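J.: Going from the sequence shown to this note's numbering is simple: count from 1 and add 337.
Sharing a structure below in C-alpha cells format, with a few things to ask.
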Amino acid sequence: MSLSACSSGGGTGSTETGADANYSAATMAAACARVVTIQAQLSEIQKQVFQAMDSGTDSGQWGPIVHNLEQQKIPLNKEKTAQKLVCAGPAGQQTTEPSGGGTKASGNGTTTPVDHTKVAALQQNIGANPQDVVSLQALADTFFAAADYQSATIWEQKVLEVDSTNQVALMALGAAQFNLGNSAEAKKQWLAAAALYPDVAEVHYDLGFLYYSQTPPDTANMTTEWQKVVAIDPNSDLAKSVAGHLK
C-alpha cells in the first residue's frame, strides 16, 4: 500500500488498483492511522527543533527537546538519539557536541567519505616513521570525519602510544568512544585530559555533556564541569551554550 493512499481526511477513500487493491478497508484504515500518528510525531519533533534553531539555541541544548518528547510518550531511543545529536570529532572536524579536539562544533551533522589515496599516503609515511604523530593524527581525523569511530580509535591509540599526553588524541579518543556508546572509556580519556589540561574549557565541556547524557542525568557533576567552562572563558560559545543549564 502506498503512503499516498492516506490523506488528512481519512485513509479508506482511495481507489487504488493492482497490489493495493488486495488490502481490505480495515487494513487500510489501520495502516493509515499509524501513518498519521507517525506524521504527527515527526511534525512535533520538527517544530521543537526549528523553534530551538530560530531562537539561536545551541545544538548542545537539544537534550531538553529530546527529554520533552519522551515526556509526551513519543517513542524515541534516547541513547541513539543522543548519539545522533552528539556526534563528536577530533581536531576541529567534529560535527556537533562534544567539542572533541578542542574547537567549537558548527553542528551540520555531515560526514566525509574516506579518501583512500590520502590514507595510503599517510600509511606510507607511518611505515617509514612509526612515530610520525602528524600522520597518525591525520589518519585518525580522516576516519573520524567518515564516522568510522572504530578505526579512529585505533589510530588515536597509536598517537597516544607515541605521545601519552597528547591533548588532541586524548579528547578525540574520548569522543570516538562516546560515539561508539562506550561512556566509561570516554570518561576515562576525558578525565585524563582534564588532569593534564585543567585550564582547557573544551575538556570540561565534554565531561559535562557526558554526565548530562546519562540516564538519569548526573546534574551535580554536569554542573561542576560546566561551571569550570564558564570560569575559564565566560565569553566563549561553549560558556554560552551551557549557561541555560546553570541557572
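By construction, the Cβ of each residue, glycine as well, lies at the ideal position given by its N, Cα and C atoms.
Fair warning: this is a prediction, and the values are worked out from it, not measured in the lab.
#1: From what residue to what residue does the alpha helix (DSSP H) around Asn-462 run?
#2: Taking Tyr-542 as the reference, give the member of Gly-518, Ala-512, Glu-522 and Pro-553 with the closest Cα.
#3: Name the two residues that bound the continuous alpha helix (DSSP H) containing Asn-519.
#4: Smallest Cα separation from Lys-455: which of Leu-547, Asn-466, Ser-472 and Asp-500?
#5: Work out the CA separation of Ala-465 and Val-505 for me, nearest whole Å.
#6: If you follow the alpha helix (DSSP H) that Val-499 is part of, which residue opens it and which one closes it?
#7: Does DSSP classify Asn-558 as helix, strand or coil?
#8: Buried or exposed, going by whether 16 or more other CB atoms sit within 10 Å of the CB of Gln-474?
#9: Alpha helix (DSSP H) containing Lys-577: first to last residue?
#10: In three-state terms, what does DSSP make of Lys-584?
#11: Nearest by alpha-carbon distance to Ile-569: which of Thr-502, Ala-531, Tyr-548 and Phe-515 is it?
#12: Locate the alpha helix (DSSP H) running through Asp-474, then write down its first and last residues.
#13: Ignore the nearest five residues each way along the sequence and tell me which others in Tyr-548's own chain have a CB closer than 6 Å to its CB.
#14: Relative to the C-alpha of Lys-584, which candidate in Asp-485, Leu-476, Ala-483 and Gln-564 has its C-alpha closest?
#15: Ser-509 and Phe-481: beta carbons closer than 8 Å?
T.: Quick look at the numbers:
#1: In the sequence shown, counting from the first residue as 1, residue 462 sits at position 125. Annotation: the continuous alpha helix (DSSP H) that includes Asn-462 extends over 453-465.
#2: For the purposes of this step, residue 542 is identified with residue 205 of the sequence shown, where counting begins at 1. Comparing Cα-Cα distances from Tyr-542 to each of Gly-518, Ala-512, Glu-522 and Pro-553, the minimum goes to Ala-512.
#3: Start at 1 with the first residue of the sequence shown, and residue 519 comes out as number 182. No alpha helix (DSSP H) holds Asn-519; DSSP gives it neither H nor E.
#4: On the sequence shown, position 118 is the one that residue 455 refers to. Out of Leu-547, Asn-466, Ser-472 and Asp-500, Ser-472 has the C-alpha closest to the C-alpha of Lys-455.
#5: Here residue 505 refers to the residue found at position 168 of the sequence shown. Here residue 465 refers to the residue found at position 128 of the sequence shown. Each residue's alpha carbon lies about 23 Å from the other.
#6: Residue mapping note: residue 499 aligns to position 162 of the sequence shown, counting from 1. Start and end: 486-499.
#7: Here the question's residue 558 lines up with position 221 in the sequence shown. Here Asn-558 sits in helix by DSSP.
#8: Mapped onto the sequence shown, residue 474 falls at position 137. With 16 or more other Cβ atoms within 10 Å, it is buried.
#9: As a first step, residue 577 must be located in the sequence shown, where it is residue number 240. Per DSSP, Lys-577 belongs to the alpha helix (DSSP H) from 574-580.
#10: As a working mapping, residue 584 is identified with position 247 in the sequence shown. Assignment of Lys-584 by DSSP, reduced to helix, strand and coil, places it in the coil class.
#11: Start at 1 with the first residue of the sequence shown, and residue 569 comes out as number 232. For the residues Thr-502, Ala-531, Tyr-548 and Phe-515, the minimum Cα distance to Ile-569 belongs to Ala-531.
#12: Taking the first residue of the sequence shown as 1, we reach residue 474 at position 137. In the sequence on display, residue 474 carries Gln and not Asp. From DSSP, the alpha helix (DSSP H) with Gln-474 extends over 470-482.
#13: The residue labelled residue 548 in the question sits at position 211 within the sequence shown. If we look at Tyr-548 and ignore the five residues flanking it on each side, its Cβ neighbours are Asp-555, Asn-558 and Met-559.
#14: In the sequence shown, counting from the first residue as 1, residue 584 sits at position 247. Scanning Asp-485, Leu-476, Ala-483 and Gln-564 for the CA closest to the CA of Lys-584 turns up Gln-564.
#15: By 1-based counting over the sequence shown, the position of residue 509 is 172. By 1-based counting over the sequence shown, the position of residue 481 is 144. The question names Ser, but residue 509 in the sequence shown is Ala. With respect to Phe-481, Ala-509 sits close: the two C-beta atoms are nearer than 8 Å.
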